[in-house]
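Novice: Take a look at this one; I'll ask things after.
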Amino acid sequence: MEFGELLKAFLLDLQSLFRFQVSNPDLTLPQILLLSTISDEGTDMSSLSKQMGVDNSTMTRLIDVLIRNGWAIKYKDKTDGRVVMVEITKEGEVLQGEIDKKIDQFGNEIYNSISPEDREEV
Numbered sequence: 197m198e199f200g201e202l203l204k205a206f207l208l209d210l211q212s213l214f215r216f217q218v219s220n221p222d223l224t225l226p227q228i229l230l231l232s233t234i235s236d237e238g239t240d241m242s243s244l245s246k247q248m249g250v251d252n253s254t255m256t257r258l259i260d261v262l263i264r265n266g267w268a269i270k271y272k273d274k275t276d277g278r279v280v281m282v283e284i285t286k287e288g289e290v291l292q293g294e295i296d297k298k299i300d301q302f303g304n305e306i307y308n309s310i311s312p313e314d315r316e317e318v
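In this text, residue positions in the sequence shown follow our numbering: the first is 197, and each later residue adds one.
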């Protein structure tokens, strides 16, 4: 098997495992990752698009779902009106905390499944 095929299989398995471990019936995997990406002070849409590896129109659709559910707001930047900022609401912070907790638990489970000898190599 070529390295590219192995990498693809690994990423698909990791995505499936991540989705199972951090699942939320109200959110897709990209929305879960997006909630975990938005900083407490707010983040501009262009930066979010780059971090998530999606175009601006896809990011707008993802953000709009969060807004409709009351988990985020968007507004024009005070210093540059061309920049659209996204911020998590109080409800979104609660959800973000739950997601981050699940991600930490998932990471700890993976880490703890690695032998002490192999951990040192990582």
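C-beta atoms are modelled at their ideal positions from N, C-alpha and C, and glycine is treated no differently.
Keep in mind that this is a model prediction, so the values were computed, not measured.
Could you check how far apart the C-beta atoms of Leu208 and Gln292 are, in whole angstroms? I think they sit under 8 Å.
Specialist: Actually they are not in contact, since the Cβ atoms of Leu208 and Gln292 sit about 26 Å apart, beyond 8 Å.
Novice: Determine the direct distance from the alpha carbon of Thr239 to that of Met281, and round the result to whole angstroms.
Specialist: Approximately 5 Å between the Cα atoms of the pair.
Novice: Measuring straight from C-alpha to C-alpha, what distance separates Thr256 and Gln301?
Specialist: Near 30 Å, if we compare the C-alpha coordinates of Gln301 and Thr256.
Novice: Quick check on Val290: buried or exposed, where buried means 16 or more other Cβ atoms within 10 Å of its Cβ?
Specialist: Label assigned to Val290: exposed.
Novice: Measuring straight from C-alpha to C-alpha, what distance separates Asn252 and Pro312?
Specialist: Going by the C-alpha atoms only, they are around 43 Å apart.
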